[in-house]
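If you're matching positions, the sequence shown starts at 176 in the numbering used here and goes up one per residue.
Even for Gly, the Cβ is constructed at its ideal location relative to N, Cα and C.
Source: prediction; values computed, not measured.
Report on the structure given below.
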Amino acid sequence: MLHIVNGDIVGDKLRAGNIRGDILVWREVYPVGPVFVEMDEPHQKSPRVEYLERTLGISADDYVTHYKSQEQILQNFHKYNEIVLWFEHDLFDQLMLSYLLHWFSKQTLGHTKLNLLCIGDYPGIDLFRGLGQLSAKQLETLAGTWQRIGQKELETGSRIWEAYTSPDVERHVEILHQDTSALPFAHAALELHVSRLPSAKNGLGIVEQTTLELIRHGVNTPHELFKEIGNRLSVLGMGDLEFWYRLRCMSERPHALLEIRGPHTFPDYRKKTTASFEKCEVALTGAGMAVAAGVKDWVEMKGINEWYGGLRLHDDLTWRWDSDRKQLVYTE
Numbered sequence: 176m177l178h179i180v181n182g183d184i185v186g187d188k189l190r191a192g193n194i195r196g197d198i199l200v201w202r203e204v205y206p207v208g209p210v211f212v213e214m215d216e217p218h219q220k221s222p223r224v225e226y227l228e229r230t231l232g233i234s235a236d237d238y239v240t241h242y243k244s245q246e247q248i249l250q251n252f253h254k255y256n257e258i259v260l261w262f263e264h265d266l267f268d269q270l271m272l273s274y275l276l277h278w279f280s281k282q283t284l285g286h287t288k289l290n291l292l293c294i295g296d297y298p299g300i301d302l303f304r305g306l307g308q309l310s311a312k313q314l315e316t317l318a319g320t321w322q323r324i325g326q327k328e329l330e331t332g333s334r335i336w337e338a339y340t341s342p343d344v345e346r347h348v349e350i351l352h353q354d355t356s357a358l359p360f361a362h363a364a365l366e367l368h369v370s371r372l373p374s375a376k377n378g379l380g381i382v383e384q385t386t387l388e389l390i391r392h393g394v395n396t397p398h399e400l401f402k403e404i405g406n407r408l409s410v411l412g413m414g415d416l417e418f419w420y421r422l423r424c425m426s427e428r429p430h431a432l433l434e435i436r437g438p439h440t441f442p443d444y445r446k447k448t449t450a451s452f453e454k455c456e457v458a459l460t461g462a463g464m465a466v467a468a469g470v471k472d473w474v475e476m477k478g479i480n481e482w483y484g485g486l487r488l489h490d491d492l493t494w495r496w497d498s499d500r501k502q503l504v505y506t507e
């Protein structure tokens, strides 16, 4: 049996427990950077490798090594009679799940049976963020509770992946109006995905907007902000590396929304957090206060060149998301 899991913490706990079988930790961060329908095409990996190195500090060598290793194991799936996918409710995991379901939908499964364990809560945990919160013993209680993956789950996952990797912004919204109930957590996660687009009100995505609101209410250190973002936007499943990148973008001049007070270097994949960074204070700039109030628009101030799955927004193609009406708005 092969267990495909969403992170090293879960993988290590499964190995420490009594879960039988091989464990493959799927190392990807699909909410960040350009992604494409067929991720194994060499010409499509290149822009992703470059983006992740520039934004999160993930070296090209590390990314390619991990990618090749996990894809090789996936290609040899026929050696297993059963495969279990261990995932949770947030966008981070739902995109991993949809990619894998898309990939398996293109394969001849033969004797291999696919199973899914995907949860959004656990008894006794008020704010369930993910499987990594559970102890090895708690994870063991989930063994055998997985459900068989059938054609409907494969087809739904494939549709979600194709929509998310589309360069057509309307595909990202249309999937919200389709039946994705075979994967019950997908809809809420995808709603949060489109809310990351620049707002029709002030050009901020939901992460940036929530960050400014938290600062206005007195949350003023990087780690406190990350913790509160995780509480308020738990369905994103955002990791620290992505948040540090977003925070860094918001503090870059000449259109900085934030001021980082104190000596600091933003952590990334290669540079771990430092004591000086943890002690920094974060405050709104004048521009930040104006944008937070809707008086100014961040995209109009600084322009845009960002990826949302397969969708790239740039100065000549600027779509906005109207969260009140839940619809797209095109601006020129």
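The way I'd put it, the region 412-421 does touch the region 429-446; three or more beta-carbon pairs between them come closer than 8 Å. L270 and L358 have their C-alpha atoms spaced approximately 11 Å apart. A contact is defined here as three or more CB-CB pairs under 8 Å, and the region 397-413 meets this definition with respect to the region 356-375. In the three-state DSSP reduction, Y255 falls in the coil class, being neither helix nor strand.
The C-beta distance from V200 to D183 rounds to 5 Å, short enough to fall under 8 Å. Sequence-distant partners of M476 (beyond 5 residues in either direction) whose C-beta falls short of 8 Å from its own C-beta, in its chain, are G378, H430, A462, V466. The bridge partners DSSP lists for D197 are L177.
CA-CA distance, A458 to H253, rounds to 54 Å. A contact between stretches requires three or more CB pairs, one per stretch, nearer than 8 Å, and the region 337-352 fails this requirement with the region 218-231.
Excluding residues up to 5 positions away in sequence, T396, P397, H398 lie with their Cβ nearer than 8 Å to the Cβ of E453 in the same chain.
With contacts defined as CB atoms closer than 8 Å, G332 and H277 qualify as a contacting pair. Counting the other CB atoms within 10 Å of its CB gives Y505 a total below 16, which places it among the exposed residues.
Within the same chain, and ignoring the five residues on either side of H264 in sequence, the residues whose Cβ sits closer than 6 Å to its Cβ are G295, F360. The secondary-structure analysis by DSSP pairs C293 across a beta bridge with F262. Annotated as proximal: Y274 and W336, with beta-carbon spacing under 8 Å. Distances from the alpha-carbon of G405 to those of C424, S426, E383 put E383 closest. Taking all protein chains shown into account, I194 has 16 or more neighbouring C-beta atoms within 10 Å of its C-beta and is therefore buried. Around the beta carbon of T386, 16 or more other beta carbons sit within 10 angstroms, so the residue counts as buried.
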